[in-house]
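Right, one structure below, let's go through it.
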Amino acid sequence: MKGIVFAGAISLLLSFIFTPALIRILSRKGVGQMIRDDGPKTHHVKRGTPTMGGIVLILASVVAYFASHAITGIGITTSALLVIGLIIGLGLVGFIDDFLKISRKQSLGLSAKQKLFGQAVMAAGFAYAGLHFKDSTGLAPISTYLSGVRDTSIKLGMALVIIWIIFLVLGSSNGVNLTDGLDGLASGAAIMTFLSFIVIGVWEFGQSCAISNVAQCYNVRDPLDIAVLSAALAGACAGFLWWNASPARIFMGDVGSLALGGAISGIAIVLRVQALLAALGGLFVLITLSVIIQTGYFKISGGKRVFKMAPLQHHFELLGWGEVTIVIRFWILAGMSVAAGLGLFYGQWVVSQ
């Protein structure tokens, strides 16, 4: 349990200290955010704000995870390494996208197909590797069974598992990417989701089939270490949020949003709570649905719109809501959604006893 505290504290400190240093470096190099011309006019004042702050998020969480293990002397697990690999891989895709936007001095980087392809490759690699590296009991980091609140009896073949995981990772990473449109919105909501994963990881460890004889034990590999990684990610987001809150001095960029989204889906997959992604990441799901609804209705209605603008947060901006008001209210929605997800998780365990 000490590892969780160490990971969270170290990552928070690293992120809080090194984000201003990155701001100064990026400002000197002129690495600033490009703003869409068709977006809310209030965003134009943000043009030139340093971006790619996700570099600090990734480095702080990864360094803190390994530092925590060095302090406690506990071994590093395969499950956590696979999730870290997914985070870095998606972060690389986001970095390329951000770099192209900055070098071209426009808000378009990779094309949608290029970005999705890169994300899919990283997700497929994560899925394939996760189905291997079994421990002495034959348990792999990723299950071949479809999971809800825990593994179900529905077994999928390797191909279907990989396809399903690609879908989850793409949905989660792009969901966070779409949410990252207002100062502090995505990073604040991500903190709540990662904190919920700490609770789930610790609970699954306490009720693990490896150490518990209860009838409804959890057959999950490395849940406690995933809680350590979740703490590192939560701490990194908290330290970054200090500088990312309105008025933001730095944005996380695609390098941050894609990495955080991948972390959320990757952790849910290895903890065997895939169905809970819709609740634990409820705000990201809601905002993604707003884009799908807007795009779909626009096509079938011949140009009509459901919202003034998508993603959803911009709809409320155009209605006249202040940015801070939107962020706080959306954080409340995210917190309620996370609470519902944890309630479903605990409720399933209680009912099964």
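Quick note on our numbering: the sequence shown kicks off at 1 and runs consecutively. Each residue gets a CB set at the ideal place from its N, CA and C atoms; glycine is no exception. The structure displayed is predicted, hence computed values, not measured ones.
Out of curiosity, what's the CA-to-CA distance linking residue i and residue j?
i: H44; j: I25; result: Summary for H44: the model assigns pLDDT 46, below 50, so the residue's position carries little reliability, and this model does not support an answer.
i: A9; j: I198; result: 14 Å
i: V202; j: E317; result: 39 Å
i: W349; j: A127; result: 27 Å
i: A159; j: A124; result: 10 Å
i: I142; j: G302; result: 44 Å
i: G118; j: I163; result: 15 Å
i: L110; j: V161; result: 27 Å
i: I292; j: K2; result: 42 Å
i: I96; j: G281; result: 25 Å
i: F6; j: G75; result: 15 Å
i: A334; j: L90; result: 23 Å
Strictly by DSSP, which residues pair up with residue i?
i: K155; result: Y145
i: S208; result: Y218
What distance in whole Å lies between the Cβ atoms of residue j and residue i, which are believed to be in contact at a cut-off of 8 Å?
i: L367; j: C237; result: Residue 367 falls outside the range modelled here, since the chain spans only 1 to 353, and no answer is possible.
i: M122; j: V338; result: Not really, about 26 Å apart at Cβ, beyond 8 Å.
i: G53; j: L100; result: Not really, about 17 Å apart at Cβ, beyond 8 Å.
i: V327; j: L185; result: 5 Å
i: G94; j: G253; result: 7 Å
i: G175; j: I287; result: 7 Å
i: T51; j: W243; result: T51 to W243, Cβ: 12 Å. No contact.
i: G188; j: W331; result: 5 Å
Give the range of the alpha helix (DSSP H) segment to which residue i is assigned.
i: Y297; result: 282-300
i: V93; result: 78-104
i: Q313; result: 312-318
i: K29; result: 2-29
i: D180; result: Careful: D180 lies outside any alpha helix (DSSP H) and carries neither H nor E.
i: I267; result: 253-270
i: L243; result: One point to set straight first is that residue 243 is Trp, not Leu, in the sequence displayed. Its alpha helix (DSSP H) spans residues 223-244.
i: A127; result: 112-130
Report the residue from the options whose alpha carbon sits nearest the alpha carbon of residue i.
i: I27; options: T19, T49, G8, G262; result: Per the sequence shown, residue 27 should be read as Ser rather than Ile. If we check each option's Cα against that of S27, T49 comes out closest.
i: Q313; options: G262, A245, F284; result: F284
i: I166; options: G261, A67, T295; result: G261
i: P155; options: W164, I162, G148, T144; result: Reading off the sequence shown, one finds Lys at residue 155, where the question assumed Pro. Selected option, being the one with the closest Cα: T144.
i: L258; options: V270, A215, V169, H315; result: V169
i: A234; options: F18, A64, T51, T19; result: A64
i: I226; options: G157, S196, K113; result: S196
i: E323; options: G89, G138, D135, D183; result: D183
i: L271; options: I162, A140, G3, S61; result: A140
i: S136; options: L110, G206, F6, D222; result: D222
i: G130; options: G85, S230, F66, F194; result: G85
i: A263; options: I71, F6, S79; result: S79
i: L342; options: R150, A7, K304; result: R150
i: L59; options: K304, L108, I88, A210; result: I88
i: F240; options: A112, A190, L319; result: A190
The ligand GDP and residue i: does the residue's C-beta get closer than 6 Å to at least one heavy atom of that ligand?
i: A80; result: This structure lacks the ligand GDP; in fact it carries no ligand of any kind.
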